[in-house]
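So the sequences go chain by chain: H and F. Count the first sequence with numbering that gives the first Met the number 0 and you get residues 0 to 293, in order. Count the second sequence with numbering that gives the first Met the number 0 and you get residues 0 to 187, in order. Every residue, glycine too, gets a C-beta built ideally from N, C-alpha and C.
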Amino acid sequence: MGKIFSFLFGLAVLAGTAALVYLVIEEPEPRLITAEAGDAERGTYLARMSGCIACHTNSQAGGALLAGGPAIETPFGTFYGPNITPHEEAGIGYWTLEDFGKAMTGGRAPEGYAYYPVFPYPHYAKLSDQDIADIWAALQTVPPVAGRAQPNRLEFPYDQRMLLVAWQTLFLDTSPFQPDPDRSATWNRGAFIVEGPGHCAACHTPRNLLGGPESDQAYAGGKTGPGGESVPPITGEALREAGWSLQDVAFALKTGVTPSGDALGGSMGEVIQGGTAWLTDEDRLAIATYLMER
Amino acid sequence: MIKLFSIGGLAAILVTAGLAFTDPPRAESDPDIKERMALMKDMGQAMRTLAPIFKGTVAYDAEAVRSAAETIRARSGKEMTRLFPEGSLSAQSEALPAIWTDWERFAMLADELGFYATGLSAAAGNPRTDSGSQGGGTLGGQAATLGEQAGEAAPKDPEALGKLSPDVAFSAMAQTCGTCHTSFRKDD
């Protein structure tokens with residue numbers, strides 16, 4: 000019963016915060032991007048690292064690149080990654096770089112409404128302005144495709160977008176990644192990838208009933224992954240306990256093969272094939288270093 | 000607001016209750032399912048031998064690579080797909096029904112596994128000049144490149160693979176396992 004009470008309490012807090020935000024507190028400000036002209040090749044690397052393809056392309060059904068993704072089932076409802084090709088009406092062809100920056104760092108549509116955090120903008124906010132400009136340049140190289148993705152299907156009360164403004168006030172930090180000067184360059188590179196574009200915590204850190212991360216259980220895994228999959232813990236402690244070394248983590252991110260000889264499937268299979276398999280060996284080792292020595 | 004809270008509370012109960020149910024384990028009785036589970040286990044054992052070799056944590060051993068590749072080749076293609084008669088599902092099986100709605104792709108991946116394993120067997124004695132990493136290109140500039148899944152860049156021709164670094168065939172083979180598991184295996 001404690002869970003229900005905390006849920007009710009949480010909802011009351013959220014509703015209260017929504018009211019406060021509306022009346023008094025300022026919402027987190029999306030960043031205004033200032034950058035040199037984007038580098039599409041660098042942006043492609045970052046787009047793969049960010050996992051854009053897995054959610055915005057329906058690969059299983061042979062859908063066009065970034066023209067809209069498969070259903071993502073969550074405890075809050077079912078989401079469909081929208082069409083982010085440069086199509087003028089169906090995609091993001093009418094956006095500016097400034098609009099894209101607001102979406103990536105502030106979770107706001109050009110029209111001003113707030114996005115659900117299933118779009119992992121709290122992580123993309125760790126990208127630098129130049130990173131975002133580069134990803135934007137990469138997206139311009141994608142062939143435009145007509146046709147919108149299906150609308151999201153959310154349960155009440157999660158269908159109330161007003162609540163998202165409160166969510167952003169509670170959980171969103173729009174500032175870019177800051178390295179820790181006491182740690183190695185490799186560790187910091189890993190921290191940037193894992194906490195930022197790689198958005199590992201989006202699935203591997205359990206969420207509270209408000210959909211915010213349970214920060215005291217970072218990377219502890221859980222039972223409510225996409226499509227009801229259970230998500231394994233990826234803390235250094237859990238990985239070591241399961242017999243994984245740094246090299247094992249890096250190798251699994253490259254090939255999908257685990258120390259037991261299994262090949263990862265499910266959502267992680269998509270992450271590997273559309274994302275981490277394309278990274279450099281150095282970046283995979285950085286991810287492993289941060290996860291194991293966090 | 001009371002109604003709002005009670006609906007939310009009910010949803011929380013349902014979510015919690017849904018998580019509490021799991022199937023009790025039972026021995027597999029279907030011979031095809033039993034055989035394919037053993038086949039997958041054999042391939043897993045072969046991968047378990049190959050992984051540290053290509054990870055670089057044990058010394059490279061061409062004979063071990065060839066033998067493990069042969070183990071996988073002998074279980075690819077029709078040797079694998081014949082064990083998936085339409086609708087063969089059970090509580091123990093992790094197979095997804097998508098296998099039969101997308102049979103062509105399932106069978107193609109099983110064949111590709113064979114090409115890559117044959118290529119790896121042939122390449123086992125070659126010098127290791129390529130780490131088998133992906134890379135490069137722009138998102139749409141080479142649409143085929145961005146849309147493609149990892150591993151697809153390697154030639155699907157065993158003879159061509161047999162002339163390259165064994166790492167290329169290994170990466171492509173490992174990613175074929177993962178691609179198939181992503182589409183056709185239940186991950187719980």
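Provide the residue(s) that pair with residue i in DSSP beta bridges, ordered along the chain.
| i | result |
| --- | --- |
| Ile-286 (chain H) | Looking at the DSSP assignment, Ile-286 (chain H) forms no beta bridge with any residue, so it has no partner. |
| Val-230 (chain H) | H:Gly-221 |
| Arg-206 (chain H) | H:Pro-212 |
| Thr-56 (chain H) | H:Gly-67 |
| Val-256 (chain H) | H:Ala-262 |
| Thr-323 (chain H) | Since the first and last residues shown for chain H are 0 and 293, residue 323 (chain H) lies out of range. |
| Leu-301 (chain H) | Residue 301 (chain H) is absent from the model: chain H starts at 0 and stops at 293. |
| Ala-113 (chain H) | H:Arg-107 |
| Ala-94 (chain F) | F:Arg-184 |
Taking the CB atoms as reference points, tell me whether residue i and residue j lie closer together than 8 Å.
| i | j | result |
| --- | --- | --- |
| Gly-273 (chain H) | Ile-52 (chain H) | yes |
| Gly-161 (chain F) | Gly-113 (chain F) | no |
| Gly-80 (chain H) | Ala-124 (chain H) | no |
| Gly-195 (chain H) | Leu-96 (chain H) | no |
| Thr-168 (chain H) | Pro-74 (chain H) | no |
| Gly-111 (chain H) | Arg-30 (chain H) | no |
| Gln-174 (chain F) | Ala-276 (chain H) | yes |
| Phe-176 (chain H) | Pro-121 (chain H) | no |
| Thr-84 (chain H) | Val-144 (chain H) | yes |
| Ala-122 (chain F) | Leu-95 (chain F) | no |
| Thr-181 (chain F) | Glu-269 (chain H) | yes |
| Arg-293 (chain H) | Gly-227 (chain H) | no |
| Ala-46 (chain H) | Arg-188 (chain H) | no |
| Ser-214 (chain H) | Lys-222 (chain H) | no |
| Leu-263 (chain H) | Gly-55 (chain F) | no |
| Gly-296 (chain H) | His-198 (chain H) | Any question about residue 296 (chain H) goes unanswered here, given that chain H covers just 0 to 293. |
List the endpoints of the continuous alpha helix (DSSP H) containing residue i.
| i | result |
| --- | --- |
| Ala-39 (chain H) | 39-49 |
| Ala-66 (chain H) | Ala-66 (chain H) -> no alpha helix (DSSP H), and no H or E assigned at all. |
| Val-193 (chain H) | 184-194 |
| Ile-91 (chain H) | Here Ile-91 (chain H) belongs to no alpha helix (DSSP H), and DSSP marks it neither H nor E. |
| Lys-77 (chain F) | 76-80 |
| Gly-118 (chain F) | 102-122 |
| Leu-31 (chain H) | First-last for Leu-31 (chain H): undefined, no H or E at that position. |
| Gly-274 (chain H) | No alpha helix (DSSP H) holds Gly-274 (chain H); DSSP gives it neither H nor E. |
| Lys-33 (chain F) | 30-54 |
| Trp-243 (chain H) | It is not in any alpha helix (DSSP H) - Trp-243 (chain H) carries neither H nor E in the DSSP assignment. |
| Ala-153 (chain F) | Where Ala-153 (chain F) is concerned, there is no enclosing alpha helix (DSSP H), given that its DSSP letter is neither H nor E. |
| Leu-169 (chain H) | 161-170 |
| Ser-66 (chain F) | 61-72 |
| Ile-83 (chain H) | Segment: none, Ile-83 (chain H) is in no alpha helix (DSSP H) and carries neither H nor E. |
| Leu-138 (chain H) | 128-139 |
| His-122 (chain H) | 120-123 |
So the beta strand (DSSP E) residue i belongs to, where does it begin and stop?
| i | result |
| --- | --- |
| Gly-302 (chain H) | This structure leaves residue 302 (chain H) out entirely; chain H is present only between 0 and 293. |
Going by C-alpha distance, which of the options is nearest residue i?
| i | options | result |
| --- | --- | --- |
| Glu-111 (chain F) | F:Gly-124, F:Thr-100 and F:Met-172 | F:Met-172 |
| Ala-34 (chain H) | H:His-86, H:Asn-57 and H:Gln-129 | H:Gln-129 |
| Val-193 (chain H) | H:Phe-78, H:Ala-249 and H:Glu-240 | H:Ala-249 |
| Arg-191 (chain F) | F:Ser-89, F:Phe-105 and F:Glu-69 | Only positions 0 to 187 of chain F appear in the structure, and residue 191 (chain F) is not among them; the question remains open. |
| Leu-331 (chain H) | H:Phe-170, H:Glu-236 and H:Met-267 | In the structure as shown, chain H begins at 0 and stops at 293. Residue 331 (chain H) is therefore absent and cannot be evaluated. |
| Thr-254 (chain H) | F:Thr-178, F:Ser-170 and F:Glu-78 | F:Ser-170 |
| Gln-139 (chain H) | H:Leu-245, H:Ala-36, H:Leu-263 and H:Gly-264 | H:Ala-36 |
| Trp-166 (chain H) | H:Thr-77, H:Leu-290 and H:Pro-116 | H:Pro-116 |
| His-86 (chain H) | H:Pro-142, H:Gly-210 and H:Gly-227 | H:Pro-142 |
| Asp-38 (chain H) | H:Asp-280, H:Gly-221, H:Ser-214 and H:Ile-131 | H:Ile-131 |
| Gly-146 (chain H) | H:Gln-246, H:Gly-221, H:Gly-260 and H:Thr-56 | H:Thr-56 |
| Gly-90 (chain H) | H:Leu-284, H:Gly-67, H:Thr-279 and H:Asn-187 | H:Gly-67 |
| Thr-173 (chain H) | H:Ala-102, H:Asp-247 and H:Lys-222 | H:Ala-102 |
| Asp-158 (chain H) | H:Ala-137, H:Thr-77, H:Tyr-289 and H:Gly-62 | H:Thr-77 |
| Pro-30 (chain F) | F:Ala-109, F:Ser-87 and F:Asp-186 | F:Ser-87 |
| Glu-281 (chain H) | H:Cys-54, H:Ser-259 and H:Ala-184 | H:Ala-184 |
| Met-46 (chain F) | F:Met-107, F:Arg-74 and F:Lys-33 | F:Arg-74 |
| Leu-311 (chain H) | H:Arg-182, H:Ala-200, H:Asn-151 and H:Ala-113 | Not covered by the structure: residue 311 (chain H). The range shown for chain H is 0 to 293. |
| Ala-67 (chain F) | F:Val-57, F:Thr-48 and F:Tyr-59 | F:Thr-48 |
| Arg-239 (chain H) | H:Cys-202, H:Gly-42, H:Met-291 and H:Ala-136 | H:Met-291 |
| Phe-155 (chain H) | H:Arg-182, H:Ser-259 and H:Leu-209 | H:Leu-209 |
| Asn-82 (chain H) | H:Ala-217, H:Asp-261, H:Leu-65 and H:Leu-153 | H:Leu-65 |
Give a single yes or no on whether residue i has its beta carbon closer than 7 Å to a heavy atom of the ligand PLP.
| i | result |
| --- | --- |
| Gly-224 (chain H) | With respect to the ligand PLP, the structure offers nothing, as it holds no ligand at all. |
So residue i contacts chain C; which residues on that side make the cut at Cβ distance below 8 Å?
| i | result |
| --- | --- |
| Phe-250 (chain H) | The structure shown contains no chain C; its protein chains are H and F. |
Item to check | Proximal residues, the region 208-238 of chain H versus chain F, C-beta separation under 7 Å | outcome: Leu-208, Lys-222, Glu-228 and Ser-229
Item to check | Contact list for the region 254-274 of chain H against chain F, Cβ threshold 9 Å | outcome: Thr-254, Gly-255, Val-256, Thr-257, Pro-258, Ser-259, Gly-260, Asp-261, Ala-262, Leu-263, Gly-264, Gly-265, Ser-266, Met-267, Gly-268, Glu-269, Ile-271, Gln-272, Gly-273 and Gly-274
Item to check | Short-range partners of chain F found in the region 142-176 of chain H, where Cβ spacing is below 7 Å | outcome: Pro-142, Glu-154, Phe-155 and Pro-156
Checklist entry - Relative to chain H, which residues along the region 166-180 of chain F have a C-beta separation below 7 Å, given in chain order? => result Ser-170, Ala-173, Gln-174, Cys-176, Gly-177, Thr-178 and His-180
Next on the checklist: By the 7 Å beta-carbon criterion, what residues does the region 105-135 of chain H contribute toward chain F?
Outcome noted: none
Checklist entry - Quick one, which residues of the region 83-108 of chain F are near chain H if we go by CB-CB under 7 Å, in chain order? => result none
Item to check | Where the region 51-68 of chain F meets chain H: residues whose CB sits under 9 Å from a CB there | outcome: Residues of the region 51-68 of chain F whose Cβ lies closer than 9 Å to any Cβ of chain H, in chain order: Pro-51, Phe-53, Lys-54, Gly-55 and Thr-56.
Checklist entry - Mind listing which residues of the region 106-125 of chain F have their C-beta closer than 7 Å to chain H's C-betas, in chain order? => result none
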